[in-house]
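Colleague:
Numbering (our numbering), first residue to last: -3 to 140.
Take a look at the structure:
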């Protein structure tokens, strides 16, 4: 049940909704008797799948850009495209960052980043983040 809770929290954390899977991970570690490898896999999978939802939403959002209620102007979209092009597709490695990470995954969908490239970069970044959280919680010497 703990791993399911972690998965759900990690999934929600990757969407634009607030959640904190890192707190759950540290709590699980503090309780002891967790499989660190399984915990890392579950958290990474949940978080990456949540980012895939954001990507899909991004692929759909431009259908509404001509609607009066659409929250971003064409100028804003052009500016976002310019910024994304400036930093490149590799900016998706930073999808784990608070505040900017979730919108980055939506932008990846908006600007039609190849899905396999998106998946690889987001998985690497988010997997590294969860590995760092685990390493900090248990100590680097116990991890390796």
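We put the CB at the ideal spot given by N, CA and C, even for glycine.
Determine the DSSP secondary structure at residue 94, reduced to helix, strand or coil.
Modeller: Three-state DSSP puts residue 94 in coil, outside helix and strand.
Colleague: Starting from the Cα of residue 13, find the closest Cα among 107, 98, 106, 126 and give me that residue.
Modeller: 98
Colleague: Given residue 46, which residues of its chain have a CB within under 8 Å of its CB, disregarding the five upstream and five downstream residues?
Modeller: 6, 7, 8, 9, 10, 11
Colleague: Should residue 87 be labelled buried (16 or more other beta-carbon atoms within 10 Å of its own) or exposed?
Modeller: buried
Colleague: Quick one: grab the DSSP three-state call for residue 35.
Modeller: helix
Colleague: What separation, rounded to the nearest whole angstrom, lies between the Cα atoms of residue 32 and residue 43?
Modeller: 16 Å
Colleague: Name the two residues that bound the continuous alpha helix (DSSP H) containing residue 74.
Modeller: 70 to 83
Colleague: Under 8 Å: do the region 73 to 90 and the region 104 to 115 share three or more Cβ pairs, one atom per stretch?
Modeller: yes
Colleague: Measuring CB to CB, does residue 103 end up less than 7 Å from residue 80?
Modeller: Between residue 103 and residue 80, the C-beta gap is smaller than 7 Å, which places the two residues in contact.
Colleague: Mind checking whether residue 2 and residue 38 have CB atoms under 7 Å apart?
Modeller: yes
Colleague: For residue 134 versus residue 25, is the C-beta spacing smaller than 7 Å?
Modeller: yes
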